[in-house]
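Here is the structure we will look at, set down as structure tokens.
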Amino acid sequence: MRGPSSSHSAASVRIARLARDLCGGTPERIVLAFDTEGSLATTHESQGSDMGLFGGLLGWDADDARLPESAAALRAAGVDLRIDLAKLDDPHPNTYRLQLWKNGVEHRLVALSTGGGMIEVVSIDGAPVQLFGDYAVTVIDVADDGRALATALAARGEVDDVVVTGAPQTLVVASAQRFLDDDVLAKYAGIRRVRRLSPVLPVRSRRGLAVPFLHAGEMTGDLNECRLSDRALEYECARGGLSQDAVLEQMRKILAIVRSGVQQGLAGTEYKDRILPRQSHRFAALLAEGRLLEGGLLNRAILYVSALMEVKSSMGVIVAAPTAGSCATFPGTTLAAAEMLRSSEEEILRAMLAAGLIGVFVATRSSFAAEVGGCQAETGAAAAMAAAALVELMGGSAAQALSASSHALQNVLGLICDPIANRVEAPCLGRNIAGASNAIASANIALAGYDHLVPLDEVLDAHREISERMARELRCTALGGLSITPTSKAIEARLCGSGGCGSCG
């Protein structure tokens, strides 16, 4: 992906791609609405929601190099746009409401950004749905109650799920591995309109999908006698319907993006519309000259984390691992450790899989979205993932990896999200670096047998409870903490004065 925030930039691209499919191409007119009590009302422009929405409505992907110019491209396409801010009582802070018109027909879509670029569509044209972008979805507008059509479609082997929803307008929503063809639908009377929503996630769901576990405590067997990567491979093979070799090959592609990002960052990045200039080159020079405090692995991790964060802020391609705002802690620390340990490529891949499994546990039991849980959700989750990866690189057991993750997450409970100048740059850089330090310390004490006391699942329960109690002003709204300091406001004013008020250009 490209952009400052996965919850804003990547998720909005995916939501907009589905909205575009809903109306059969780029709409002629759009009204976007954000709840003033949520997070997007104050951040949609500066953190990349607008950029992603506009790009997605044009049919672009989340890593498209044109995204920074999406606003200009949308205007050039002649699209009429309005953004409304109102009290909408949306239960989720990252709620996107889209009204779209094409060829005189109005369409409505409501979707949530749930963290790390993941989404959930909760309403289509006023009808409640639950779609995650992981199926080819055929939306059928019918004149009757839809039950007969739904029953007939459910009997077809290629349809994974069918629901009937909406009143007075009835929709039959069929999810499958491919769209229902027109010749199939022509057999049924009462169909008024058919729309097809393409999947936007890289891994599809399927009927009968079952995974061996969703929580750390559900893993069976002696965790002292296996590696966490063994269980991660077991999970990913079941989730994706893939072989172990295919899973490792997918992770190899992710590793290549991360390595390229570190190299690009170290080579130097330039981008006008950002707060912080390139800084990692100074750290690299002083490190080479021996003019920094001895830090060993930590210093190399700081360098790589900084490089990745600079790529992110310059609109380079990154991996949201787990999010864009926390994209550097886990991969930067893992690559730094792997180089110092001279780890093989397969060892690195397995370490990344182990970290990914921690991310599964976080997403299932809590959240890694700052809009939901502050920075404890983002760099906290990233540190927990990195700690597990480091234990894996050191040959530690699954039990030790879980211990390291528990330690790391305990260390940051309550950490708020308060972006300076309403940008995802600072204190994000420092907190990604602190996450690396946290991960290294947590991995070492876990390997040394320090007792984490509280199991990871229970730490995640506490993590979720704290998120629920955290004030809205401290959850990525730029309404509290460092965001409202005089210096932060001055930087924000300077950026707006120079024409860099938003990330859209």
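Note that this note's numbering gives residue 190 to position 190 of the sequence shown, counting from 1, and the numbers run on in steps of one. Even glycine gets a Cβ: it sits at the ideal position worked out from N, Cα and C.
Near V258, which residues of its chain fall below 7 Å by C-beta distance, leaving aside the five closest residues on each side in sequence? As a working mapping, residue 258 is identified with position 258 in the sequence shown. Closer than 7 Å at Cβ, skipping near neighbours: V319, P331 and L335.
Where V203 falls: helix, strand or coil (DSSP): Walking along the sequence shown from the start, residue 203 turns up at place 203. Looking at V203 - three-state DSSP - the assignment turns out to be coil, as it is neither helix nor strand.
Near M340, which residues of its chain fall below 7 Å by C-beta distance, leaving aside the five closest residues on each side in sequence? Along the sequence shown, one-based indexing puts residue 340 at 340. Only L297 and R300 meet the Cβ criterion.
Provide the residue span of the alpha helix (DSSP H) that contains E378, from first to last. As a working mapping, residue 378 is identified with position 378 in the sequence shown. Unbroken alpha helix (DSSP H) run through E378: C375 to L393.
Taking E378 as the reference, which of L233, G395, L349 and C428 has the closest Cα? Start at 1 with the first residue of the sequence shown, and residue 378 comes out as number 378. Here the closest residue by C-alpha is C428.
Taking the Cβ atom as the reference point for each residue, do S7 and G115 lie within a distance shorter than 8 Å? For the purposes of this step, residue 7 is identified with residue 7 of the sequence shown, where counting begins at 1. For the purposes of this step, residue 115 is identified with residue 115 of the sequence shown, where counting begins at 1. Yes.
Secondary structure at M340, three-state DSSP: helix, strand or coil? Within the sequence shown, residue 340 is the residue found at index 340, counting from 1. Three-state DSSP puts M340 in a helix.
Helix, strand or coil for P322, going by three-state DSSP, please let me know. Indexing the sequence shown from 1 puts residue 322 at position 322. Of the three classes helix, strand and coil, the one that applies to P322 here is coil, per DSSP.
Check whether L98 and R82 have beta carbons under 8 Å apart: The residue labelled residue 98 in the question sits at position 98 within the sequence shown. The residue labelled residue 82 in the question sits at position 82 within the sequence shown. Not in contact: L98 and R82 (Cβ atoms no closer than 8 Å).
When you compare only the Cα positions, how much space is there between E28 and D160? Indexing the sequence shown from 1 puts residue 28 at position 28. Indexing the sequence shown from 1 puts residue 160 at position 160. Their Cα atoms are separated by approximately 33 Å.
Going straight from the alpha carbon of L242 to that of L293, what length do you get? By one-based count along the sequence shown, residue 242 stands at place 242. By one-based count along the sequence shown, residue 293 stands at place 293. Going by the C-alpha atoms only, they are around 46 Å apart.
Rounded to whole angstroms, what's the CA-CA distance from S437 to L303? Just pull it up for me. As a working note, residue 437 is residue 437 in the sequence shown. As a working note, residue 303 is residue 303 in the sequence shown. Near 12 Å, if we compare the C-alpha coordinates of L303 and S437.
Boundaries (first-last residue) of the beta strand (DSSP E) holding E120: As a first step, residue 120 is located in the sequence shown; it is residue number 120 there, counting from the start. That run of the beta strand (DSSP E) goes M118 to I124.
Proximity to A55 [Cα-Cα], best of A33, A434, K102 and R14: On the sequence shown, residue 55 is found 55 positions in, with the first residue counted as 1. Checking the sequence shown, residue 55 turns out to be Gly, not Ala. If we check each option's Cα against that of G55, R14 comes out closest.
I think C417 touches C476, with their Cβ atoms under 8 Å apart; what is that distance to the nearest whole Å? Numbered from 1 along the sequence shown, position 417 holds the residue referred to as residue 417. Numbered from 1 along the sequence shown, position 476 holds the residue referred to as residue 476. The Cβ separation is near 4 Å, so the contact holds.
Nearest-angstrom Cα distance between S467 and I420? Stepping through the sequence shown from its first residue, residue 467 is reached at position 467. Stepping through the sequence shown from its first residue, residue 420 is reached at position 420. Cα to Cα, S467 sits roughly 21 Å from I420.
Measuring only the C-alpha atoms, how far is A11 from D182? Start at 1 with the first residue of the sequence shown, and residue 11 comes out as number 11. Start at 1 with the first residue of the sequence shown, and residue 182 comes out as number 182. If I take the Cα positions, the gap works out to 30 Å.
DSSP state of S367, grouped into three classes? The sequence position of residue 367 within the sequence shown is 367, counting from 1. Three-state result, S367: coil.
Go through the segment 196-255 residue by residue and report every complete run of the alpha helix (DSSP H) that reaches 4 residues or more, in order. 228-240
Alpha carbon to alpha carbon, what distance is there between G52 and G117? As a working mapping, residue 117 is identified with position 117 in the sequence shown. As a working mapping, residue 52 is identified with position 52 in the sequence shown. Each residue's Cα considered, the two are about 11 Å apart.
Excluding sequence positions up to five away, which residues of its chain have a Cβ less than 7 Å from the Cβ of P212? Reading the sequence shown from its first residue, position 212 is the one you call residue 212. Answer for P212: E234, Y235 and A238, listed in chain order.
Between the Cα of C226 and the Cα atoms of V172, A285, S343 and G395, which residue gives the shortest distance? The count along the sequence shown starts at 1 and reaches residue 226 at position 226. With distances taken between Cα atoms, C226 lies closest to G395.
Taking C-beta to C-beta, are A232 and A399 nearer than 8 Å? Taking the first residue of the sequence shown as 1, we reach residue 232 at position 232. Taking the first residue of the sequence shown as 1, we reach residue 399 at position 399. No. Outside cutoff.
Please state whether DSSP places S113 in a helix, a strand or coil. Numbered from its first residue, the sequence shown carries residue 113 at position 113. Residue state, collapsed to three classes: strand.
Same chain, Cβ closer than 6 Å to S123, neighbours up to 5 away in sequence not counted: Translated into positions along the sequence shown, residue 123 becomes position 123. Taken in chain order, the residues that qualify are V110.
Hey, how far is the Cα of G217 from the Cα of R252? Position 217 of the sequence shown, counting from 1, holds the residue named residue 217. Position 252 of the sequence shown, counting from 1, holds the residue named residue 252. Those two C-alpha atoms are separated by around 28 Å.
Candidates L266, E392 and D457: which alpha carbon is nearest N224's? Residue numbering aside, residue 224 sits at position 224 when the sequence shown is read from its first letter. Of L266, E392 and D457, the residue nearest in Cα terms is E392.
Do you know how far the Cα of V203 is from the Cα of S442? Sequence index remark: in the sequence shown, residue 442 carries index 442 (1-based). Sequence index remark: in the sequence shown, residue 203 carries index 203 (1-based). Using only the alpha carbons, I get a separation of about 31 Å.
Keeping to the same chain, check which residues put their C-beta closer than 8 Å to that of Q264; ignore five residues upstream and five downstream. In the sequence shown, the residue the question calls residue 264 occupies position 264. Counting only Cβ-Cβ distances below 8 Å, and skipping sequence neighbours, we find A307, V311 and G316.
Please classify I140 as buried or exposed, where buried requires at least 16 neighbouring CB atoms within 10 angstroms. Counting from one through the sequence shown, the residue named residue 140 turns up at place 140. I140 should be labelled buried.
At which residues does the alpha helix (DSSP H) containing D50 begin and terminate? Counted from its first residue, the sequence shown places residue 50 at position 50. Segment S49 to L57, the alpha helix (DSSP H) holding D50.
Report the rounded CA-to-CA distance for R342 versus I348, giving the unit in angstroms. Numbered from 1 along the sequence shown, position 342 holds the residue referred to as residue 342. Numbered from 1 along the sequence shown, position 348 holds the residue referred to as residue 348. If I take the Cα positions, the gap works out to 10 Å.
DSSP three-state assignment for H107, whether helix, strand or coil: As a first step, residue 107 is located in the sequence shown; it is residue number 107 there, counting from the start. Three-state result, H107: strand.
Would you decide whether V372 is buried or exposed? Buried here means 16 or more other CB atoms lie within 10 Å of its CB. As a working mapping, residue 372 is identified with position 372 in the sequence shown. Per the 10 Å Cβ criterion, buried.
If you draw a straight line from the alpha carbon of Y96 to that of L248, how long is it in whole angstroms? Sequence index remark: in the sequence shown, residue 96 carries index 96 (1-based). Sequence index remark: in the sequence shown, residue 248 carries index 248 (1-based). Near 35 Å, if we compare the C-alpha coordinates of L248 and Y96.
By the 10 Å Cβ neighbour count, where 16 or more other Cβ atoms means buried, how is A176 classified, buried or exposed? Taking the first residue of the sequence shown as position 1, residue 176 is located at position 176. Buried: at least 16 other Cβ atoms inside 10 Å.
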